[in-house]
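Please read the structure below before turning to the comments.
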Amino acid sequence: MDRSARLVVAALSLSLSACAPLPRVAFHDGALLHLVDDVHLDPAAPRADRERLVALLGEAKAHLQGTFGRLRGYPVRVIVCATDDCRRFFAGPRMRSMLIAPGDRMPGEHDTRGQLTVVLVDAGERALNHLAHELVHVELLSRLGPEAAARIPAWFHEGVAASLSDEPPCPAALVDDPLVESLRTPRAWWDRTNEPGQGVATYCAARARAEAWGVAHHGKQGLLALLDAVKSGEPFPAAFGAPEPAR
Ligand SMILES: [Zn+2]
């Protein structure tokens, strides 16, 4: 190809990328407000939330880099709701923030079409925490892959996410309840935390378990080593080990 032909191809590809359609997320008869990348906001959210939420995305990622180093998160769509109408539509009647992985059954009306999607039900003062919590799930899933991620019990995924995001907020004195280790599958976790009065208590018990393990034994490097061990085939109980007895 001669130089002029290459210039034409370059100009054409530039114009094509400039014309690439923005990602659009249908919401009733309209669409969510596209903010940046693949981040979408409830059109009923106050204007002031737009720039703030874009900044929070950067803050949440910077926060998680403190633990994981360079993030390896899969590309993820982020949907932020500010009204119950939006929360029901995207997160279903429970209106809980969630990560919807490809193949997950969706509780809301929205069809993710296999796109890894985070739905945040709080665009307000806890939005950063909700976002960080769900991005921990994205990072764990990305590092492990779906098969290894499923071999780590739900309580540990949730305990790590709650610990690194402070979402949900827990009482200063965490109650370390070993019974939370019976919640191994996402279904069991979802059902227990949907029981009246069990939501925050269960998250905080899982956080206590994860923190007791991390602080007593392993720290950040231990978490990364556990993920590597499980990914390479080690059973979770062996990688996790027995918690150190309380002194
Ligand atoms: Zn979670």
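Its first residue numbered 0, the sequence shown is counted upward by one per residue in numbering that gives the first Met the number 0. Idealized CB from N, CA, C, for every residue including glycine.
What distance in whole Å lies between the Cβ atoms of residue j and residue i, which are believed to be in contact at a cut-off of 8 Å?
i: Val79; j: Leu52; result: 6 Å
i: Ala153; j: Trp188; result: 4 Å
i: Val229; j: Arg208; result: That pair is no contact at about 16 Å.
i: Ala126; j: Leu31; result: Not really, about 15 Å apart at Cβ, beyond 8 Å.
i: Ser96; j: Asp121; result: 7 Å
i: Leu63; j: Val159; result: So it is not a contact: roughly 11 Å between Cβ atoms.
Please state whether DSSP places residue i in a helix, a strand or coil.
i: Val79; result: strand
i: Thr201; result: helix
i: Val179; result: helix
i: Leu32; result: strand
i: His62; result: helix
i: Leu56; result: helix
i: Val38; result: strand
i: Ala171; result: coil
i: Asp84; result: helix
i: Ala122; result: coil
i: His109; result: coil
i: Ser162; result: helix
i: Ser141; result: helix
i: Thr192; result: helix
i: Pro74; result: coil
i: Gly68; result: coil
i: Gly232; result: coil
i: Ala43; result: coil
i: Pro185; result: helix
i: Arg104; result: coil
i: Arg49; result: helix
i: Arg150; result: coil
i: Arg93; result: coil
i: Gly221; result: helix
i: Gly213; result: helix
Near residue i, which residues of its chain fall below 8 Å by C-beta distance, leaving aside the five closest residues on each side in sequence?
i: Cys203; result: Ala161, Pro167, Cys169, Pro170, Leu173 and Val174
i: Asp83; result: Met94
i: Met105; result: Gly91, Ile99 and Thr111
i: Glu138; result: Leu63, Phe67, Leu70, Arg71 and Gly72
i: Val35; result: Val53 and Leu56
Since residue i sits in a beta bridge, which residues does DSSP pair it with?
i: Leu98; result: Val117
i: His132; result: Bridge partners of His132: none, in fact.
i: Ala25; result: Ala30
Buried or exposed: which applies to residue i, given that a residue is buried once 16 or more other Cβ atoms fall within 10 Å of its Cβ?
i: Asp41; result: buried
i: Asp48; result: buried
i: Glu157; result: buried
i: His39; result: buried
i: Glu133; result: buried
i: Thr184; result: exposed
i: Gly196; result: exposed
i: Ser231; result: exposed
i: Ser164; result: buried
i: Gly213; result: buried
i: Ala224; result: exposed
i: Ala81; result: buried
i: Gly218; result: exposed
i: Glu124; result: exposed
i: His129; result: buried
i: Pro236; result: exposed
i: Ala147; result: buried
In its own chain, which residues sit with a C-beta less than 6 Å from the C-beta of residue i, not counting the 5 before and 5 after it?
i: Thr116; result: Arg76 and Ile99
i: Thr192; result: Gly198 and Thr201
i: Pro22; result: Asp37
i: Leu6; result: Residue placement at Leu6 is flagged as unreliable, the pLDDT there being 48, under the threshold of 50; the coordinate-derived value follows with that caveat. Around Leu6: no qualifying Cβ.
i: Ala238; result: Leu225, Ala228 and Val229
i: Ala131; result: Ala59, His62 and Ser164
7 Å is my cut-off, CB to CB: does residue i come that close to chain D?
i: Gly196; result: Structure shown: chain D not included; a single protein chain is present.
If you drop the 5 nearest sequence neighbours on each side, which residues of the same chain put their C-beta closer than 7 Å to that of residue i?
i: His109; result: Phe88 and Phe89
i: Arg206; result: Gly158, Ala161, Ser162, Cys169 and Leu173
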